[in-house]
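Notes for the one structure printed next.
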Amino acid sequence: MEKFLCRWCLVSAAVSTNLAMAHGSLEEVTVTGRQANLIGEAISASEGRVSQDDLAVRPLLRAGEILEVVPGMVATQHSGSGKANQYFLRGFNLDHGTDFATKIDAMPVNMRSHGHGQGYTDLNFIIPELVSEITYKKGSYYADVGDFSGTGSAHITSASDLNTSEINIGLGEDSFGRILVTGKLPVGSGRLIYGVEHQTYDGPWEDISEDIDKTNIWLKQVWGDKTEQFHLTLMAYDNDWNSADQIPERAVRQGLISDLGSIDDSVGGSSSRYSLSAHWQRQSAVSQIKASLYAIQYDMDLWSNFSYFTNPEGDQFQQIDERTIYGWDIAYTRGSKWFDRPVSNLFGTQFRLDDIDEVGLLSSRERRRTGVSRMDAVEQYSASLYWENTLQWNDHLRSVLGVRYDYHDFDVTTLAAADPRTLPLNEGTESDDIVTASLSLVYTFDDSYETYVSIGQGFHSNDARGTTISADPNSGEPLDTVDALVDTLGYEFGVRAFLTDKLNASIALWRLEIDSELLFVGDEGTTEDTGVGSRRKGVELTTYYQFNDHWTLDIEYAYTDARLDEELEGYDDIPGALESVLSAGIHTKINDRFYSHLRLRHFGEYPLEGGQTADSSTLVNLRLGYEVHDKVKLTLDILNLLDSDDQDINYFYESQLQGEAEPVADKHFHVFEPIRVRMYLGYVF
């Protein structure tokens, strides 16, 4: 680890020194973003805001990596670039989103009862340049966050204004191409914010071309000002890709393939997302109201093969999901006084309906359907009410009390199954409700220091199909249903210090308990019950330091101890629970025209199934930016700057290669893409 850190610092120093020498005298600039002072506003040390200023300088391989602005969050990929990232936070392998709630403009991103996995969070429809802010809240201490709130949440806000209209063209290795047009037009009494993106990419893989074909369109009409504003937003996303899935370690060791090879070169997918949302807000001296309505149309077809040939015809399978989502999110805040002390009350209601025409698991060969495991239609809705009270007891102490009620209703209709006898057994209706509460005490010493003590409940819903299941759709064997809603309990103590306008830091000590971790396994069409509870605890440290108007440093470190309450197969480790995560960046602004941003992400060894251990991983990315003149700018991204061959993700399970007599338990991994250079040309018009 020390070797990597030394190399990272040396590269940063060399780059910055060379740029300074090349451009002579230094000019003063102002750095904004994470320097925002949240003292007097936050209710925990682990919440924060990230602005477009921070996002604009980050080198990104995939759009989903914008969630790595959340301290301790790791966004990896085990498949093609078109698929959702796999996320890790606070000792959870969140898979593709379970237990971390993500929204954009009040619209949910997590997919309930999804064809690939519960809580599936695909951020490929995001245009990072049109994100104005990301607000993150770790922990379950917030009344306005409901489903998938166990480890926290992130709310992405799209831009409501732009300073310029631009066209950006990007080119890189392996047929990487990206064209992005963003801008603002006066329309009637308001303004239209628009963005159009198209991206292609083949990837560095030896026997598969990813053949990414991604298109995004954002249109946002804005009326009004900060006092009262109305938005109408249309988003359209379409993507097709081939996948380079994880591969077995033994295949590389035996020389059958390289670490950039594949076993099944016919896997991949397609996905689309279209949404229309309306948002209205009004603010006065003592109150604020926000109301959002949305409709989302979503489709996905995904072909995968993780075990290869346990079936002589091959183990490839297809997962499908076709749905429409409707909902609202309304919140009203009013300030007043109780016993001559300032008080604020937040009242909110949320509603969501997932009308799923088809969600299913099928067997396939070279993307041709060969059979069905199960196919269902699902109608699932939830209705929520919440209240949050903030009371300023004196000049130093304030409390934040939250109460939330959620009702969920599930209606499952089975359309097909491998064993037709299970059709009437696995359909039906189910409902459940849950009341969660939270309390935070905040003590403000002065304008520079604040401490927090928080306790709160969160929850996640399970797949609707798991709540009505009675028999394995393949074998017909009896199965138990799962609880529709599973709660979590979290505790946290933290300190936030805003020492100067150039230095702020925070520390958070936290603990999270779950009674039972239950999950519907989309790859198998059944439910899996660990049968035991779990506990996680950890510490998180963040520091943001602006040395001067030219140098800024950010360091984020997270340590987690994750254990099952009882041993399973002789181990109490939780597979996929990252123990240590380090993220750091050095931003250098040489003058008004030139900057560099160097980022490091490291996570240590972590446990896998069966007592196995995955190796640590370190990745360094670099972005250089130069403004040729007021209308032309150049950006250079060097991804995986040190050309690391570390593994992005690792699993341990059984698979069978051609020629093997039986399945073999082995590690399966997805390696970092080799060093890649991408150049962008931007023109302001």
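As numbered in mature numbering (1 follows the signal peptide of the UniProt record, and there is no 0), residues -22 to -1, 1 to 663 make up the sequence shown, in order.
A virtual CB, placed ideally from N, CA and C, is assigned to each residue, including glycine.
Treat the numbers as computed from the prediction; the structure is a model and nothing was measured.
*asked:* Do I82 and I112 have their beta-carbon atoms positioned less than 7 Å apart in this structure?
replied: Within the sequence shown, numbered from 1, the residue matching residue 112 stands at position 134. Within the sequence shown, numbered from 1, the residue matching residue 82 stands at position 104. Contact flag unset, no.
_Sub-7 Å separation of D410 and A462 beta-carbons_ = Your numbering for residue 410 matches position 432 in the sequence shown. Your numbering for residue 462 matches position 484 in the sequence shown. In contact: D410 and A462 (Cβ atoms closer than 7 Å).
_Once the 5 residues before and after G42 are set aside, which same chain residues still bring their CB inside 6 Å of it?_
Locating residue 42 in the sequence shown gives position 64, where the first residue counts as 1. Cβ within range, chain order: A53, N63 and L101.
*Which class does E43 belong to by DSSP, given the choice of helix, strand or coil?*
Residue mapping note: residue 43 aligns to position 65 of the sequence shown, counting from 1. It is helical.
*Bridge partner(s) assigned by DSSP for G603*: As a first step, residue 603 is located in the sequence shown; it is residue number 625 there, counting from the start. Looking at the DSSP assignment, G603 forms a beta bridge with Y573 and T613.
*What did DSSP end up calling F498 once you bin it into helix, strand or coil?*
Here residue 498 refers to the residue found at position 520 when the sequence shown is read from its first residue. Unreliable positioning characterises F498 in this predicted model, as indicated by a pLDDT of 40, which lies under 50. A coordinate reading is not provided.
_With 16 other Cβ atoms within 10 Å as the buried cut-off, status of W196_ = Here residue 196 refers to the residue found at position 218 when the sequence shown is read from its first residue. By the 10 Å Cβ count, W196 comes out buried.
*Please name the residue, chosen from Y65, H575, Y537 and W371, that lies closest to T80 on a Cα-to-Cα basis.*
By 1-based counting over the sequence shown, the position of residue 80 is 102. Cα-wise, what sits closest to T80 is Y65.
*Flag this pair as touching only if the stretch 181 to 189 and the stretch 166 to 173 have three or more C-beta atom pairs under 8 Å; answer yes or no.*
No, the stretch 181 to 189 does not touch the stretch 166 to 173.
*Can you tell me where the alpha helix (DSSP H) with L33 in it begins and where it stops?*
For the purposes of this step, residue 33 is identified with residue 55 of the sequence shown, where counting begins at 1. L33 -> alpha helix (DSSP H) spans Q30 to A34.
*Helix, strand or coil: how does DSSP classify G233 here?*
Taking the sequence shown and counting its residues from 1, the one referred to as residue 233 is at position 255. In the structure shown, G233 sits in coil (DSSP, three-state: anything other than H, G, I, E or B).
*How big is the Cα-Cα spacing for G472 and I274?*
The residue given as residue 472 occupies position 494 in the sequence shown. The residue given as residue 274 occupies position 296 in the sequence shown. Looking at the backbone, the Cα of G472 and that of I274 are separated by about 38 Å.
*Decide if G326 is buried, meaning its Cβ has at least 16 other Cβ atoms within 10 Å, or exposed.*
Here residue 326 refers to the residue found at position 348 of the sequence shown. Buried is the call here.
*Report the residue from R514, E534 and G511 whose alpha carbon sits nearest the alpha carbon of T520.*
The count along the sequence shown starts at 1 and reaches residue 520 at position 542. Checking every option, the nearest Cα to that of T520 belongs to E534.
*With a CB to CB cut of under 6 Å and the five nearest residues on each side skipped, what residues in its chain are close to A256?*
Residue mapping note: residue 256 aligns to position 278 of the sequence shown, counting from 1. Its chain contains L210 and L271 as the residues whose beta carbon lies nearer than 6 Å to that of A256, once the 5 sequence neighbours on both sides are disregarded; these appear in chain order.
_Closest by C-alpha distance to D139, when choosing among F287, W529 and T160_ = Here the question's residue 139 lines up with position 161 in the sequence shown. Considering only alpha carbons, the answer is T160.
_Between the stretch 370 to 382 and the stretch 412 to 426, can you find at least three pairs of beta-carbon atoms closer than 8 Å?_
Cβ pair count under 8 Å is three or more, so yes.
*Any chance you could list the beta strand (DSSP E) runs of at least 3 consecutive residues sitting entirely within the stretch 185 to 235, in chain order?*
Whole beta strand (DSSP E) segments, 3+ residues: 190 to 202 and 206 to 220.
*Below 8 Å, can you find three or more Cβ-Cβ pairs linking the stretch 285 to 294 to the stretch 623 to 634?*
Segments in contact, yes.
*Name the two residues that bound the continuous beta strand (DSSP E) containing T520.*
Here residue 520 refers to the residue found at position 542 when the sequence shown is read from its first residue. Residues S512 to Q524.
*Starting from D125, follow its DSSP beta bridges and name the residues at the other end.*
Indexing the sequence shown from 1 puts residue 125 at position 147. According to DSSP, D125 bridges with F437.
*asked:* Which residue wins for smallest C-alpha separation from G292, given the options F663, R654, P641 and Y658?
replied: If you number the sequence shown from 1, residue 292 lands on position 314. Nearest option by C-alpha distance: P641.
*Over what stretch of residues does the alpha helix (DSSP H) that includes A442 continue unbroken?*
As a working mapping, residue 442 is identified with position 464 in the sequence shown. In the DSSP annotation of this structure, the continuous segment of the alpha helix (DSSP H) that includes A442 starts and ends at A442 to T446.
*asked:* For L72, tell me which candidate among V649, G58, Q435 and N88 has the shortest Cα-Cα distance.
replied: By one-based count along the sequence shown, residue 72 stands at place 94. Minimum Cα-Cα distance from L72 among the listed residues V649, G58, Q435 and N88 corresponds to N88.
_Tell me the DSSP secondary structure of E640 in three-state form._
Mapped onto the sequence shown, residue 640 falls at position 662. Coil at E640, not helix or strand.
*May I have the straight-line CA-CA distance separating I616 from D624, to the nearest angstrom?*
By one-based count along the sequence shown, residue 616 stands at place 638. By one-based count along the sequence shown, residue 624 stands at place 646. Between the C-alpha atoms of I616 and D624 there is a straight-line separation of about 17 Å.
*Reference M657; option with closest CA among G148, I157, T391 and V48*: The count along the sequence shown starts at 1 and reaches residue 657 at position 679. Nearest option by C-alpha distance: G148.
*asked:* From the DSSP secondary-structure annotation, give me the bridge partner or partners of R564.
replied: What you label residue 564 is simply residue 586 of the sequence shown in a count that begins at 1. The question names Arg, yet the displayed sequence has Ile at residue 564. Its beta-bridge partners are L531 and L576.
*Could you say which of T311, P106, T596 and F329 lies nearest to S322 if we only look at CA atoms?*
Translated into the one-based positions of the sequence shown, residue 322 becomes position 344. The residue with the shortest Cα to Cα distance from S322 is T311.
*With which residues is K268 paired in a DSSP beta bridge?*
As a first step, residue 268 must be located in the sequence shown, where it is residue number 290. Bridge partners of K268: Q259 and A309.
*Does the Cβ-Cβ distance between P451 and T400 come in under 7 Å?*
The residue labelled residue 451 in the question sits at position 473 within the sequence shown. The residue labelled residue 400 in the question sits at position 422 within the sequence shown. Pairing P451 with T400 gives a Cβ-Cβ distance under 7 Å.
_Which complete beta strand (DSSP E) runs does the stretch 359 to 387 hold, if anything under 3 residues is left out?_
If we require 3 residues or more, the stretch 359 to 387 turns out to have no beta strand (DSSP E) run fully inside it.
*Looking only at its own chain, which residues have a Cβ that is under 8 Å from the Cβ of residue 712, when we skip the five neighbours before and after it?*
Residue 712 cannot be examined here, being either before or after the span of the chain that is shown, -22 to 663.
*Go ahead and pull the three-state DSSP assignment for L401.*
What you label residue 401 is simply residue 423 of the sequence shown in a count that begins at 1. Reduced to three states, the DSSP call for L401 is coil.
*State whether the stretch 577 to 593 contacts the stretch 608 to 615, with contact taken as three or more CB pairs (one from each stretch) at a distance under 8 Å.*
As far as the Cβ criterion goes, the stretch 577 to 593 does not touch the stretch 608 to 615, which means the pair count is below three.
*Have a look at N526 and H575 and give me their C-alpha separation to the nearest angstrom.*
Counted from its first residue, the sequence shown places residue 526 at position 548. Counted from its first residue, the sequence shown places residue 575 at position 597. Just so you know, the alpha carbons of N526 and H575 end up roughly 15 Å apart.
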